[in-house]
Amino acid sequence: MTGSRRQLTLRFVVALVLLTGVALMASLPTAQAAETPRRGGVLLAAIGADPPSLDPHQESTFANIQLVAPLYSTLLQMDPLDSSKIIGDAGTEWNTSPDGLTVTVKIRPGIKFHDGSTLTSADVKASYDKIVFPPQGVRSSRKAHYAAVAGIEAPDPSTVVFKLKHPSAAFVANLASPWNVIFPKKYLDKDPNHFKNQVVGSGPFKFKSYVRGSTFEGERNPDYFIKDRPYLDGYKFYISPETSVRAAALRSGRAHIEFRGLPQSEVDAIRKQLGDKITVQEAPTPGWWAVGFNNKVKPFDDVRVRKALTLAIDRHTMGKVLFPLTGLRDVGGLVRPGTQWAMSPAELEKLPGFGRDIERSREEAKKLLAEAGFPNGLKFTMINRNVKLPYQDFAVFFIQEWKKIGVEVENRPLETAAWFDAGRQTKNYEAIIDPHVDFMDEPDLTLADFLSNNPVQNWMNHSDPQLDDLYARQARALDPAERKKLVNGFERRVFEQAYFAHGLWWVRSIVHASKVKNWVAAPSHYSNQKLQDVWLSED
Amino acid sequence: MRTYILKRLLLIVPTLLGVAVIVFLIMRVIPGDVALMILGGDDGGQIDPQQVAAVRRQLGLDQPLIVQFGTWLWGVVRFDFGDSLWTGQPIVHELAIRLPLSLQLALMATFVSVLIAIPLGTLAAVRQDTWVDYVVRIGSIGGLAIPSFWIGILCILFLVIFFGWGPPLEFTPPWVDPWVNLQMMVWPVVTVGYRYAAVTTRMTRSTVLEVLREDYIRTAWAKGLRERAVVVRHALKNSMLPVITLIGTEFAFLIGGLVVTETVFTLNGIGRFVVEAVAHRDYPVVQALVFLIAFSFVMVNLLVDLTYAWFDPRIRYR
Numbered sequence: 001m002t003g004s005r006r007q008l009t010l011r012f013v014v015a016l017v018l019l020t021g022v023a024l025m026a027s028l029p030t031a032q033a034a035e036t037p038r039r040g041g042v043l044l045a046a047i048g049a050d051p052p053s054l055d056p057h058q059e060s061t062f063a064n065i066q067l068v069a070p071l072y073s074t075l076l077q078m079d080p081l082d083s084s085k086i087i088g089d090a091g092t093e094w095n096t097s098p099d100g101l102t103v104t105v106k107i108r109p110g111i112k113f114h115d116g117s118t119l120t121s122a123d124v125k126a127s128y129d130k131i132v133f134p135p136q137g138v139r140s141s142r143k144a145h146y147a148a149v150a151g152i153e154a155p156d157p158s159t160v161v162f163k164l165k166h167p168s169a170a171f172v173a174n175l176a177s178p179w180n181v182i183f184p185k186k187y188l189d190k191d192p193n194h195f196k197n198q199v200v201g202s203g204p205f206k207f208k209s210y211v212r213g214s215t216f217e218g219e220r221n222p223d224y225f226i227k228d229r230p231y232l233d234g235y236k237f238y239i240s241p242e243t244s245v246r247a248a249a250l251r252s253g254r255a256h257i258e259f260r261g262l263p264q265s266e267v268d269a270i271r272k273q274l275g276d277k278i279t280v281q282e283a284p285t286p287g288w289w290a291v292g293f294n295n296k297v298k299p300f301d302d303v304r305v306r307k308a309l310t311l312a313i314d315r316h317t318m319g320k321v322l323f324p325l326t327g328l329r330d331v332g333g334l335v336r337p338g339t340q341w342a343m344s345p346a347e348l349e350k351l352p353g354f355g356r357d358i359e360r361s362r363e364e365a366k367k368l369l370a371e372a373g374f375p376n377g378l379k380f381t382m383i384n385r386n387v388k389l390p391y392q393d394f395a396v397f398f399i400q401e402w403k404k405i406g407v408e409v410e411n412r413p414l415e416t417a418a419w420f421d422a423g424r425q426t427k428n429y430e431a432i433i434d435p436h437v438d439f440m441d442e443p444d445l446t447l448a449d450f451l452s453n454n455p456v457q458n459w460m461n462h463s464d465p466q467l468d469d470l471y472a473r474q475a476r477a478l479d480p481a482e483r484k485k486l487v488n489g490f491e492r493r494v495f496e497q498a499y500f501a502h503g504l505w506w507v508r509s510i511v512h513a514s515k516v517k518n519w520v521a522a523p524s525h526y527s528n529q530k531l532q533d534v535w536l537s538e539d
Numbered sequence: 540m541r542t543y544i545l546k547r548l549l550l551i552v553p554t555l556l557g558v559a560v561i562v563f564l565i566m567r568v569i570p571g572d573v574a575l576m577i578l579g580g581d582d583g584g585q586i587d588p589q590q591v592a593a594v595r596r597q598l599g600l601d602q603p604l605i606v607q608f609g610t611w612l613w614g615v616v617r618f619d620f621g622d623s624l625w626t627g628q629p630i631v632h633e634l635a636i637r638l639p640l641s642l643q644l645a646l647m648a649t650f651v652s653v654l655i656a657i658p659l660g661t662l663a664a665v666r667q668d669t670w671v672d673y674v675v676r677i678g679s680i681g682g683l684a685i686p687s688f689w690i691g692i693l694c695i696l697f698l699v700i701f702f703g704w705g706p707p708l709e710f711t712p713p714w715v716d717p718w719v720n721l722q723m724m725v726w727p728v729v730t731v732g733y734r735y736a737a738v739t740t741r742m743t744r745s746t747v748l749e750v751l752r753e754d755y756i757r758t759a760w761a762k763g764l765r766e767r768a769v770v771v772r773h774a775l776k777n778s779m780l781p782v783i784t785l786i787g788t789e790f791a792f793l794i795g796g797l798v799v800t801e802t803v804f805t806l807n808g809i810g811r812f813v814v815e816a817v818a819h820r821d822y823p824v825v826q827a828l829v830f831l832i833a834f835s836f837v838m839v840n841l842l843v844d845l846t847y848a849w850f851d852p853r854i855r856y857r
């Protein structure tokens, strides 16, 4: 190669490197720009039901909170991008007194309701008074969560003070409940039920329209207290009770998202058709499905029978079998596996029904049944809800497992109202499919199912003073290590007594168009629904 | 004639009263409590028994049954069906949202099915045991055998998978945008109309066949009348009485009976409303809707009876 040729080659290589560098430099900002939030667009969502009313204080269904959460502020909130953190919303700072009996929250100044009035501590006090001390004729779905509250004060317009009867480990987390929206006091003074049919909030979106059974719409609040938010011009929910219709709406682009989650079979079909045009987020949820035994009815008043029935269930296989069908997947205790209060898998596996050696468990189960006077097995009826997912498949798995130890069970599906009536009121059942879903991972909420004086929530129909005592102590324990010990002790007691046969924890699969940005699925389908940070890309 | 209509209209009162009593009692006998449903939501949660009692009091469910029924009936007399226990909204408002859609669907499906069924049924009868008859019979048996909601799901999946398109999810009244309305309504109309047409085709075919064997038809042929005159003027008109009875009953059924089709096509109609109200134990809504459906059955039957005279002048009303 001659010198000039070599020089030419060198120049060519240098030029090529430079060009490549320039091209790379040029492409970098473009890639970043693609992730820069874009203003505008209306988020289209599909939802499975209408809410009974629009007042979140009075309702307990996703059909309420998903529709109205973007219209309101709460005192505190779970971080939209990391739901394990609690951050402020209308409240900016909060502190608990050293004795744990006073919680003070400072209110952000200058927040405007959608009617133009200013949000003050008087509105917060009025809203919380309605939740904690509901007046006659007003229901409060979560009054029991605030049993520790002795009184609420508003010493000045920017301060609200909660006085507690006893320290409460869960209290601050409960102030971040998505249900505890702040209403303007002046409307509550006239009619505490005003917000069942009306909306005046201070959230990122303003109410636009609602046609029952059809659509619900919100539009951007230009006076929202966080500058430049929300990014969206609005949001619109299409109400359709049929799962396959909601899935088809996502496939055809008529909806961008279904927040509650779709069955895995639909998720797979959508993924197959739309590829990277859709994104699937998996969200392990603070909710389980289980079978409750009526502990006051024979033979379920005998701990040996109950223990045999829980020992017979191979939960580890059940998770693998049921997840594609139902979304039920994770094996865990009474608090969601992997979270702050949960016991380790090794500890859990020592408890009846959680061991890995299912054959040994089945042998033990048969032995216990024989000891209890049922050497040839037994027969009973299990009340179920006549809803396909996940109720029927879940029941079928249990029934099959029980058959292996000689227990014959009839699955009796009832329509929702009759099923609730049996579980919550009449207790007219031998065994019943018993689900539990919370808005956050909080032992106070989850463990309350097992309290003696809580007949509406305790579907096992048992009384256990030891559990009541452990519950009260964990609820007051402000030291996390001490609380965890008490919570785990509570779990051990429940599983040793086998008041119920635990099933699996729910994992939601949320499908959305990939153009929906900055929305992170929270564990609960009640949380992270304000949509203030969500935006739509152009694709 | 006027006396007959008046008599029939007066008979509506005991009929509807009977329906009201039966529905009222059935709704109270079946287990379930709207207060528990309202407080408990769909996923359980903590419920205060005092709150349950307070809600029952607030909804008037703590009153004796006879008082509850009397209050409701007095409201009906004044055309006030009360408020939904579940939503607190006046039932009349809830009906106003849904009734136009259900009526449009019922009318369109009836129109489509009559348009298809009567010519096809007649043709199949006239060409009995030919390939035309076989094709019509296979098509109509298919319509009877295949559930319409399944055809609906297939329609939607076909559109979504092959065209990446799905019908609109929101009802737009025809007077607002007829094109968007048609995009939504055409699929349920096809789905429901197919089943409806199948039933009507079968009925038309068998009644026309029966009439074609009558003496006066033989006479008409003997007189040398053309086929069209024999079939349309003599056979078809005389075979219409059972067919219009069927069309009337089917029409009334469509107003409140399309629960699954409405669900599949996201139609916010009366059928879905009934089922949701039953599931929520929303007593006044169920009573009002059953009342409405019973009323539409009675009225449609009256209209059908009145049209008999046009088809068969021998019929006299007293």
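These protein sequence lines are chains E and C, in that order. Residue numbers for the first sequence follow the numbering used here, so the first one is 1 and each next one is one higher. Residue numbers for the second sequence follow the numbering used here, so the first one is 540 and each next one is one higher. Here a beta-carbon is modelled for each residue, glycine too, at the ideal position from N, C-alpha and C. As the structure is a computational prediction, the values presented were derived from the model and not from experiment.
- Residue contact check for L414/E against chain C: a CB pair falls below 9 Å.
- The beta-carbon distance between R473/E and G261/E, rounded to whole angstroms, is 35 Å. This is too long to meet the 8 Å contact definition.
- Bridge partners of K517/E according to DSSP: W535/E.
- For Q590/C and R139/E, the gap between their C-alpha atoms comes out near 6 Å.
- By the Cβ neighbour-count rule, M318/E is buried, with 16 or more other Cβ atoms within 10 Å of its own.
- A distance below 7 Å between beta-carbons, with the five flanking residues on each side excluded, links N95/E to the following residues of its chain, in chain order: T104.
- Per DSSP, W670/C is not a residue of any beta strand (DSSP E); the alpha helix (DSSP H) it occupies stretches across W670 to A684.
- Under the criterion of beta carbons closer than 8 Å, L76/E and L175/E qualify as touching, at roughly 5 Å.
- If you check the CB distance, V487/E and V280/E do not come in under 9 Å.
- About 6 Å separates the beta carbons of S527/E and F439/E, which is inside the 8 Å limit, making them a contact pair.
- Look at the region 488-520 of chain E: it has no residue with a C-beta under 9 Å from a C-beta of chain C.
- Our two residues, V331/E and P435/E, have alpha carbons roughly 14 Å apart in a direct line.
- Close partners of F710/C in chain E (Cβ separation under 7 Å): S214.
- Assignment of H194/E by DSSP, reduced to helix, strand and coil, places it in the helix class.
- Taken in chain order, the complete beta strand (DSSP E) segments of 3 or more residues contained in the region 183-260 of chain E are 205-211, 215-220 and 234-239.
- Within the region 113-126 of chain E, not one residue has a Cβ closer than 9 Å to any Cβ of chain C.
- Our two residues, V770/C and M724/C, have alpha carbons roughly 34 Å apart in a direct line.
- When C-beta distances to chain C are compared with 8 Å, every residue of the region 292-312 of chain E stays at or above that value.
- For the pair G327/E and W506/E, the CB atoms are nearer than the 9 Å cut-off.
- Within chain C, the residues whose beta carbon sits less than 7 Å from that of A249/E are G705 and L708, listed in sequence order.
- Looking from the CA of F688/C, the closest CA among S652/C, F834/C and R734/C belongs to R734/C.
- Leaving aside the five residues that flank F836/C on each side, the residues in its chain whose CB is nearer than 6 Å to its CB run, in chain order, A791.
- For a Cβ distance threshold of 8 Å, nothing in chain E lies close to R666/C: the least Cβ distance comes to about 40 Å.
- Annotation: S265/E to S202/E spans about 39 Å, alpha carbon to alpha carbon.
- In the three-state reduction of the DSSP assignment, T120/E falls in the coil class.
- Put simply, the region 211-220 of chain E touches the region 635-649 of chain C. At least three CB pairs are less than 8 Å apart.
- Within the region 223-243 of chain E, K236, Y238, I239, S240, P241 and E242 place their CB atoms closer than 9 Å to a CB of chain C, listed in sequence order.
- Annotated three-state conformation of D393/E is helix, per DSSP.
- One finds E242 and V245 in chain E with Cβ atoms closer than 7 Å to the Cβ of V803/C, taken in chain order.
- Put simply, the backbone Cα of G571/C is about 11 Å away from that of Y822/C.
- Taking one beta carbon from each stretch, the region 448-468 of chain E and the region 611-621 of chain C have fewer than 3 pairs nearer than 8 Å; the two do not touch.
- Annotation: F850/C to T788/C spans about 18 Å, alpha carbon to alpha carbon.
- For V42/E, the enclosing beta strand (DSSP E) starts and ends at V42 to I47.
- In this structure the region 389-405 of chain E touches the region 303-320 of chain E; the number of beta carbon pairs closer than 8 Å is three or more.
- L545/C counts as exposed, since fewer than 16 other beta carbons sit within 10 angstroms of its beta carbon.
- Taken atom to atom, the span from the alpha-carbon of F133/E to that of K143/E is near 7 Å.
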